[in-house]
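Asker: Be aware that the sequence shown starts at 347, since it is given in our numbering, and climbs by one per residue.
Ideal Cβ placement from N, Cα and C applies to all residues, glycine included.
None of these values were measured; they are calculated from a predicted model.
Structure in structure tokens, see below.
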Amino acid sequence: MAFLLLHNYTDFIDIEAGKINCVVTKDLSRLGRNYIMTGQYTELYFPSHNVRYIAIDDGVDSEKGESEIAPFKNIINEWVARDTSRKVKSAFKTKFAEGAYYGAYAPLGYKKHPDIKGKLLVDEETKWIVEKIFSLAYQGYGSAKITKVLREEKVPTASWLNFTRYGTFAHIFEGKPDSKRYEWTIAHVKAILKSEVYIGNSVHNRQSTISFKSKKKVRKPESEWFRVENTHEPIIDKEVFYRVQEQIKSRRRQTKEKATPIFAGLVKCADCGWSMRFATNKANKTPYSYYACSYYGQFGKGTCSMHYIRYDVLYQAVLERLQYWTKAVQQDEEKVVNKIQKAGNAERIRAKKKKASALKKAENRQNEIDRLFAKMYEDRACEKITERNFIMLSGKYQKEQIELEQQITNLREELSKMEQDMIGAEKWIELIKEYSVPKELTAPLLNAMIEKILIHEATTNEDNERIQEIEIYYRFIGKVD
């Protein structure tokens, strides 16, 4: 007999392979605190795989039939887990209210008190980095420019400092070039500039899990945060901090007030997939705006390339394409529909028929298994089939049932998407008919008509003319130009 002390769900691979026929856990709660999932294992999965299950502390042994009380214990275990989660959250709220800090690492510029748990002390060795960042921001530097300065001056990042002190983040730095130590990002800088920890405040409860069963976290509204002031020594003066916050807000307002964000969220780098950053060149005699790859802007040469394109060039190119399509629809709607559907339409129809056939086959097999199960239970009740054969067959069919359910779900989703694609042309045509031939671009128009715009790196032809490909993916129909 092969025993398995269950540690994680990858151990189930050995069960599937038939290498294990006995699973042992300390108690039922170690198998799973979700009573539905635990019941699935004890009542269906283990019996169907001819696996004996033992929960030592709960006195459960499936071979001896000592598991009648198990379903009730599973429900109690889930209730205990729920109650424990509630108590832990309550305890943390109490600690948060006291201003205690319980992060895995102290924020940059601080260190944890060696004796008082949850207490922060100023780190004299690293606080200068925080002071430098705020000093640059106070002088009017934006996050991108501060990031560039920190990289150029080889200022170490917080993760590098933690690596040198505690050995953490080894996977990030071992075997990597020295430049990795100074790889600041705009996000890092923004997080520091917005953190109230640097004026002595503790802010907690900014995010929480959906439930005790899930590790997925969601951001909470600021009104639900726990903010406790003056919990530790500040590094930054409050006047400086709030002045920087005003500058950040002012910079946002300036960007919004310019007629620039109509492409927001739509323009992407064709090579790395990152969003393109909007900027304005004010040094030129006649200032002009442009887009450039934000990944390249953060990490420099060797990562991606600039993919520079002037705003007016992009604007004109997109306007011309939308004008072309709106005019084409007005002149001959049917021709446009045929043009959109022509490319790859026959292949889509064949693929749809193939998937529909596979779905029907899977559904028929699922119905057949349901009938087989009913017949098996009848045969077992009449003792026409031995218990051993019943367990073996039911395990086999249950496994196939699970696979079929997943297959059917996937096929239905794929067919649904295909049907949406098939009617995409009509939907897009109806959308385009809502607009007359546009004379200018607006954010509502672009967001209604376009899914994304990919900007390729520019090249030059034999005549030294600049050539740059702009790919437009329209809503519902994708790329058709």
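Just to confirm before moving on: does the CB-CB distance between Lys500 and Tyr528 stay below 8 Å?
Answerer: Yes, the Cβ-Cβ distance between Lys500 and Tyr528 is below 8 Å.
Asker: Given that a residue counts as buried once 16 or more other Cβ atoms are within 10 Å of its Cβ, and exposed if not, what is Ala533?
Answerer: Burial call: exposed.
Asker: Under three-state DSSP, which class holds Val543?
Answerer: In the structure shown, Val543 sits in a helix (DSSP, three-state: H, G or I).
Asker: Just list the residues that DSSP pairs Phe624 with in beta bridges.
Answerer: Partner(s): Tyr637.
Asker: Taking only runs that begin and end inside the segment 458-534, name each unbroken beta strand (DSSP E) of 3 or more residues, in chain order.
Answerer: Here the runs fully enclosed are 466-468.
Asker: Between Asn547 and Thr514, which are expected to be in contact by the criterion C-beta below 8 Å, what is the C-beta distance as a whole number of angstroms?
Answerer: Asn547 to Thr514, Cβ: 26 Å. No contact.
Asker: Taking DSSP as the reference, what is the three-state secondary structure of Glu568?
Answerer: Here Glu568 sits in helix by DSSP.
Asker: Please report the distance separating the alpha-carbon of Glu477 from that of Ile581.
Answerer: Going from the Cα of Glu477 to the Cα of Ile581 covers about 7 Å.
Asker: Is Gln669 closer than 8 Å to Val783 when the C-beta atoms are compared?
Answerer: Yes, the pair counts as a contact, with Cβ atoms nearer than the cut-off.
Asker: Measuring CB atoms only, is the segment 789-809 touching the segment 633-653, in the sense that at least three cross pairs come out at less than 8 Å?
Answerer: Judged by Cβ distances under 8 Å, the segment 789-809 makes contact with the segment 633-653, as three or more pairs qualify.
Asker: Is it a yes or a no for the segment 728-742 touching the segment 697-704, going by three-plus beta-carbon pairs under 8 Å?
Answerer: With the cut-off at 8 Å, the segment 728-742 and the segment 697-704 do not touch.
Asker: Would you give the residue range spanned by the beta strand (DSSP E) that Glu817 belongs to?
Answerer: First-last of the beta strand (DSSP E) with Glu817: Ile816 to Tyr820.
Asker: Roughly how many whole angstroms lie between the Cα atoms of Thr672 and His653?
Answerer: Rounded to whole angstroms, Thr672 to His653 spans 29 Å at the Cα level.
Asker: Pop quiz: Glu817 and Ala616 are said to be a contact at Cβ under 8 Å. What is the actual Cβ separation, rounded to whole angstroms?
Answerer: Contact holds; Cβ gap of about 7 Å.
Asker: Can you give the beta carbon distance from Val682 to Ile775, rounded, assuming they're within the 8 Å contact cut?
Answerer: Sure, about 7 Å apart at Cβ, within 8 Å.
Asker: Just tell me which of Trp620, Lys742, Ala610 and Arg656 has its CA closest to the CA of Thr626.
Answerer: Nearest C-alpha to Thr626: Arg656.
Asker: When we look at the beta-carbon of Thr503 and count the other beta-carbons within 10 Å, is it buried (16 or more) or exposed?
Answerer: Buried, because 16 or more other Cβ atoms sit within 10 Å of the Cβ of Thr503.
Asker: Near Ala516, what residues of its chain come up, given a Cβ to Cβ distance below 8 Å and the 5 sequence neighbours on each side ignored?
Answerer: The answer, listed in chain order, is Phe509.
Asker: Does Lys798 come out as helix, strand or coil in the three-state DSSP assignment?
Answerer: Strand, per DSSP.
Asker: Using 8 Å as the threshold, is the C-beta distance between Pro453 and Val543 below it?
Answerer: Contact flag set, yes.
Asker: Since Leu496 and Trp474 should fall inside the 8 Å C-beta cutoff, what is the C-beta to C-beta distance between them, to a whole number of angstroms?
Answerer: No, Leu496 and Trp474 are not in contact; Cβ-Cβ is about 12 Å, not under 8 Å.
Asker: Is Thr493 buried or exposed, if buried means 16 or more other CB atoms sit within 10 Å of its CB?
Answerer: With 16 or more Cβ atoms within 10 Å of its Cβ, Thr493 is classed as buried.
Asker: Let me confirm a value: Asp524 is counted as buried when at least 16 other C-beta atoms fall within 10 Å, else exposed. Which label applies?
Answerer: Exposed, by the Cβ-count rule.
Asker: Going by the DSSP bridge assignment, what does His550 pair with across the sheet?
Answerer: Its beta-bridge partners are Phe572.
Asker: Taking 7 Å as the limit between beta carbons, can you name the residues of its chain near Gln814, skipping five residues before and five after?
Answerer: Once the five neighbours on either side are set aside, the close Cβ partners of Gln814 are Ile655, His802 and Ala804.
Asker: CB-CB under 7 Å to Tyr661, same chain, minus the five flanking residues each way: which ones, in chain order?
Answerer: Counting only Cβ-Cβ distances below 7 Å, and skipping sequence neighbours, we find Leu787.
Asker: Would you report the Cα separation of Leu466 and Val574, rounded to the nearest angstrom?
Answerer: The straight-line gap from Cα to Cα measures roughly 14 Å.
Asker: Can you check DSSP and say which residues form a bridge with Thr388?
Answerer: According to DSSP, Thr388 bridges with nothing at all.
Asker: Report yes if the C-beta of Asn735 is less than 7 Å from at least one heavy atom of the ligand ATP; otherwise report no.
Answerer: The ligand ATP is absent from the structure shown, which contains no ligand whatsoever.
Asker: Ile754 and Ala708 - do their beta-carbons sit closer together than 8 Å?
Answerer: A contact, by the Cβ cut-off of 8 Å.
Asker: Using 10 angstroms around the beta-carbon of Ser557, count the other beta-carbons present and answer buried if the total reaches 16, otherwise exposed.
Answerer: Only weak support exists for where Ser557 lies, its pLDDT of 45 falling under 50; the value from the coordinates is given anyway. Its Cβ having fewer than 16 others within 10 Å, Ser557 is exposed.
Asker: In angstroms with no decimal places, state the Cα-to-Cα distance between Gln676 and Pro567.
Answerer: Distance between the alpha carbons of Gln676 and Pro567 is about 47 Å.
Asker: If you follow the beta strand (DSSP E) that Ala859 is part of, which residue opens it and which one closes it?
Answerer: Because the chain is modelled from 347 through 827, residue 859 falls outside the range shown and cannot be assessed.
Asker: In terms of residue numbering, what span does the beta strand (DSSP E) encompassing Thr371 cover?
Answerer: Unbroken beta strand (DSSP E) run through Thr371: Cys368 to Thr371.
Asker: Our contact map puts Val406 next to Asn367 with C-beta atoms below 8 Å; I'd like the distance itself, whole angstroms only.
Answerer: About 17 Å separates the two Cβ atoms, so there is no contact after all.
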